[in-house]
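Okay, so here's the structure we're looking at.
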Amino acid sequence: MKNEISIGLLGLGTVGSGVAKIIQQHQQDLHHKLGAQVLIGKVLVRDTNKDRLSSLDPSVFTTDIEEILNDSSLDIIVEVMGGIDGAKLAIEKALRAGKQVVTANKDVMAEYGHDLLKLADAEKCDLFYEASVAGGVPIIRTLEDGLASDRISSLMGIVNGTTNFILTKMKKENMSYDDALAEATELGYAEADPSADVDGIDAARKMVILSSLAFSTEVHLDDVLVRGMKEIRDGDLELATKFGYTMKMVGSSTKDEDGIEVSVEPIFLANSHPLASVNNEFNAVYIYGDAVGETMLYGPGAGSLPTATSVVSDIIAACRNLQLGVNGKRAHSAQHERVIKPETKRFAKYCHRLLVNDEVGVLSKMTSIYSKHEASIQSVMQSPAEQVGKAELVLLTHQISRQQHLDVLSDLEGTASVISHYRIEGEETA
């Protein structure tokens, strides 16, 4: 049993500062839980002379990452510096040096997580990554431990606080997309370059991590269907409301006998669905297990202390394993072969919004396209358009395959303008 456990902290930015603060302020609690004092032995920073609010002893600061990775007195390396290549290399070096690793890096875990977890197994080390998805929401540990006895068949999540904040402002306060994005940036929810958020890439990386863990399968970023916020057109949020839906940017994954499907896109979500009431910067993940049924985790998806809470929880787990001498005993190898569903096996309801010529026979012409592809229509709404001589058609389908959906859209493009189209989800909970 160790009396002291020493941490090497790579990064002292938003999350790193939160980690240092929690460790320093919760010493008595940590000692009670672990029977040892947890110390921050070294911290990687860009400039050792910078004035900081941190109460850490300046002697622990270094600009040399090798000084930390090669320090045999450090038990756990905590990677919170961000980026991909440098962070990946640091994690690899730490594992090969026999150190336990905690990371909050979703980019690295989505791109290289499978290989890094295999390396951790080979080196008999721990690699924890709770903070890589949904900030302070303990979704990784829930899937890995709390629901370990169950078979997860699907999960849906609002896993990007920036896009959820924007959509909430657009719906609740009738803000424009640009104004909502500007407020998100001002409040620190959006980066100066928000493309990873609004284009769906950030959420797609998180869905790779969650899907791989939930289904014990290697899911890759290329497997994820991604449609970003730019797909949303004027009037779409009002249209969703008219039909009893809420527009949400949702990550979704499902596994059945045909394989796995993973997507991130703006969808029409039934108002009765639990995710529909998740607003502003909050995240939530809705899980369906064969035994447990439906369950949902909800909480802050980002921020210094919420994310740091997940990081420190991983540090505690690694410390406990150190005290028990059982580091590196978790099995990370995928159980199932990676089989991604073809478009013909992905089924959903869809909403198609069209601009057509306002003339006799146009509705018959449109519905004949659906009939051609055996795509059943649930309802049709027609209203005058702002353009003279034009009308707007909104068609809701019954369950059809994504291939049917794409084929219908392709044919419609030849006879009408497709304004927007969305997958419809959540009606089964109504």
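Sequential numbering of the sequence shown, starting at 1, is according to UniProt numbering. C-beta: ideal position from N, C-alpha, C; glycine also.
Please report how far the alpha carbon of residue 390 lies from the alpha carbon of residue 207, in whole angstroms. 40 angstroms
Whose CA, out of 354, 369, 365, 398, lies closest to the CA of residue 381? 354
Within this structure, are the beta carbons of residue 265 and residue 423 separated by less than 8 angstroms? yes
Beta carbon of residue 16 nearer than 8 angstroms to that of residue 137: no
List the DSSP bridge partners of residue 349. 424
Can you say whether residue 228 is buried or exposed, counting buried as having 16 or more other CB atoms within 10 angstroms of its CB? buried
Let's test the definition: count the other Cβ atoms within 10 Å of the Cβ of residue 9 and tell me whether it reaches 16, buried, or not, exposed. buried
My output table needs one value for residue 5: the three-state DSSP class, helix, strand or coil. strand
Using DSSP with H/G/I as helix, E/B as strand and the rest coil, what is residue 92? helix
Measuring alpha carbon to alpha carbon, tell me which residue in 36, 365, 199 is nearest residue 411. 365
Among 282, 83, 314, 409, nearest to residue 350 - alpha-carbon criterion: 409
Using DSSP's beta-bridge definition, name the partner residues of residue 384. 391
Can you give me the C-alpha to C-alpha distance between residue 222 and residue 242, rounded to a whole angstrom? 35 angstroms
How many whole angstroms separate the CB atoms of residue 150 and residue 290, which I take to be in contact at a CB cut-off of 8 angstroms? 6 angstroms
Give every residue of the same chain whose Cβ lies closer than 8 angstroms to the Cβ of residue 415, excluding the five residues on either side of it in the sequence, and list them in chain order. 356, 365, 366, 369
In this structure, what does DSSP give as the bridge partners for residue 288? 154, 294
Please report the residue range of the alpha helix (DSSP H) in which residue 39 lies. Taken as a continuous stretch (DSSP letters only), residue 39 belongs to no alpha helix (DSSP H), being part of the beta strand (DSSP E) at 37 to 44.
Which one of 318, 336, 335, 337 has the shortest CA to CA distance from residue 328? 318
Nearest-angstrom beta carbon gap, residue 304 and residue 14 [assumed within contact, 8 angstroms]: 5 angstroms
Taking the DSSP output, what are the residues bridged to residue 441? Residue 441 lies beyond the stretch modelled for the chain, which goes from 1 to 430, so this question has no answer here.
Alpha-carbon to alpha-carbon, residue 287 and residue 293: 8 angstroms
Segments of 4+ residues assigned as alpha helix (DSSP H) that fall wholly inside the segment 114 to 159: none
By the 10 Å Cβ neighbour count, where 16 or more other Cβ atoms means buried, how is residue 1 classified, buried or exposed? exposed
Counting Cβ pairs, one atom from each stretch, are 3 or more of them under 8 angstroms apart for the segment 162 to 171 and the segment 183 to 203? yes
Thinking just about the alpha-carbon of each residue, which of 42, 55, 218 is nearest to the one in residue 62? 42
Given a cut-off of 8 angstroms, decide if residue 125 and residue 83 are closer than it, judged by their beta-carbon atoms. no
Under the three-state reduction of DSSP, which class applies to residue 430: helix, strand or coil? Caution applies to residue 430, whose pLDDT of 34 falls short of 50 and renders its modelled position unreliable; the model cannot decide the point.
Spatial distance of residue 337 from residue 115 (CA atoms): 16 angstroms
Rounded to the nearest angstrom, what separates residue 429 and residue 270 at their Cα positions? In this prediction, residue 429 has a pLDDT of 38, which is less than 50 and means its spatial position is unreliable; nothing more can be read from the coordinates.
For residue 399 and residue 362, I'd like the C-alpha separation in whole angstroms. 24 angstroms
Under 8 angstroms, do residue 335 and residue 34 count as touching if we go by C-beta distance? no
Excluding the 5 residues flanking residue 189 on each side, which residues of the same chain have their C-beta closer than 8 angstroms to its C-beta? 161, 162, 165, 281, 302
Applying the 10 Å Cβ sphere with the 16-neighbour rule, what's the burial state of residue 133? buried
Length of the line joining the Cα atoms of residue 247 and residue 215: 27 angstroms
Spatial neighbours of residue 205 in its chain, beta-carbon cut-off 7 angstroms, leaving aside the 5 residues before and after: 106, 107, 110, 221
Consult DSSP for residue 245 and reduce its assignment to one of helix, strand or coil. strand
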